[in-house]
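Numbering (the working numbering), first residue to last: 373 to 659. What follows is one structure encoded as structure tokens, with my remarks underneath.
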Amino acid sequence: MDNLTNINVIKDIFSRHGFTFSKALGQNFIINPSVCPKIAEYGNAKKGFGIIEIGTGVGVLTNELAKRADKVVAVEIDERLIPVLNETLAEHDNVTVINADVMKTDLHKVIEEHFQGLDVAVCANLPYYITSPIIMNLLESRLPIKSVTVMVQKEAGVRLCAQTGTRECGAVTHAVRYYSEPELLFNVSRGSFMPAPNVDSCVIRLNIREEPPVEVSDEGFYFKVIRGAFSQRRKTAVNSVSSSMGIDKQLVTAAVEEAGIQSTARPEQLSPAEFAAFADKLKEKIS
Ligand code: SAM
């Protein structure tokens with residue numbers, strides 16, 4: 373169905389199906405007709421691609437993805453939307469809807485079963501209550517995908533796409549940049565949704581890297597040090613890592629200095645390469 377941004381059409385479908393919005397599931401559906409075609413175009417929805425969508429709502433983005441890509445697999449947690457989608461996506465024979473929680477779905481298996489011979493990308497207007505866990509799950513599970521193009525809260529988008537070494541940078545910025553090259557694409561006002569949320573949004577694209585930008589001896593430890601460093605932002609990286617990881621301050625100071633970093637540096641001043649050197653030196657010292 374093409375007119376799924378028309379409020380009267382949506383209201384009619386929902387009243388026939390007895391559907392009401394769930395705030396807990398982050399259900400703010402897009403009603404601005406220019407947004408979904410743009411997400412689909414930026415999101416690699418094109419011939420030769422299979423698209424994973426997370427959270428279909430009424431199917432407004434699913435419809436735009438299905439028109440452009442070879443196949444779409446959409447994961448939607450709310451079973452009340454399944455009969456709605458049977459109606460709104462009826463004209464597409466290249467869409468499979470899986471009624472499940474995306475955090476508990478084996479997306480490697482989905483790709484294997486549905487997207488043989490295709491490149492794969494993820495597109496979504498994400499539920500805001502679970503944005504970062506979904507993104508980190510997609511990245512850390514090292515799915516064979518080209519890109520993740522998602523709508524997120526504006527503030528989250530700024531942090532996810534921040535440059536390392538800037539004030540906006542946090543632990544999640546480093547994690548995102550380890551797996552991908554992020555881009556902030558465009559802003560979307562709160563009035564583009566029904567019901568309207570209290571904040572504006574933006575669409576970001578994470579272009580998945582083939583290789584990480586830095587080499588580390590222990591990836592898990594690298595991320596532990598980064599999370600430790602940012603756990604108390606006002607402190608120096610040394611103090612923060614020492615107290616959050618329970619490691620003697622002198623050892624941490626020595627590791628930082630051997631990595632060529634000033635011991636007074638704050639976490640947001642460190643580059644990925646500096647965190648890598650710091651983590652490797654610290655690992656050596658405590659092993
Ligand atoms: N794509 C639609 C749109 O743009 O209008 C809906 C977006 S709405 C912000 C988020 C959607 O994600 C809702 O349909 C909600 O039910 C679904 N959702 C929430 N948590 C989910 C989860 N853990 N797994 C899969 N879908 C989820």
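Don't be surprised by glycine CBs; every beta carbon is placed ideally from N, CA and C.
Per-residue burial, residue i [other beta carbons within 10 Å of its own, 16 or more giving buried]
i	result
residue 475	exposed
residue 378	exposed
residue 554	buried
residue 392	exposed
residue 621	exposed
residue 636	exposed
residue 501	exposed
residue 375	exposed
residue 599	buried
residue 658	exposed
Where residue i falls: helix, strand or coil (DSSP)
i	result
residue 625	helix
residue 495	strand
residue 562	helix
residue 471	strand
residue 457	helix
residue 407	helix
residue 619	coil
residue 552	strand
residue 610	helix
residue 579	strand
residue 557	strand
residue 394	coil
residue 387	helix
Expected contact under 8 angstroms - CB spacing of residue i and residue j to nearest Å
i	j	result
residue 597	residue 647	6 angstroms
residue 430	residue 382	6 angstroms
residue 541	residue 556	Not confirmed; about 14 angstroms, so no contact.
residue 496	residue 425	6 angstroms
residue 547	residue 511	7 angstroms
Can we say the stretch 579-591 touches the stretch 415-422, given the rule of at least three CB pairs closer than 8 angstroms? no
Report yes or no: do the stretch 390-403 and the stretch 437-450 share at least 3 C-beta pairs separated by less than 8 angstroms? yes
Count Cβ pairs between the stretch 458-478 and the stretch 505-517 that sit closer than 8 angstroms; are there 3 or more? yes
Does the stretch 523-531 come within contact of the stretch 478-489, defined as at least 3 CB pairs closer than 8 angstroms? no
Complete runs of the beta strand (DSSP E) confined to the stretch 412-454 [at least 3 residues]: 421-426 and 443-448
Every unbroken beta strand (DSSP E) inside the stretch 475-534 [3 residues or more]: 491-497 and 519-525
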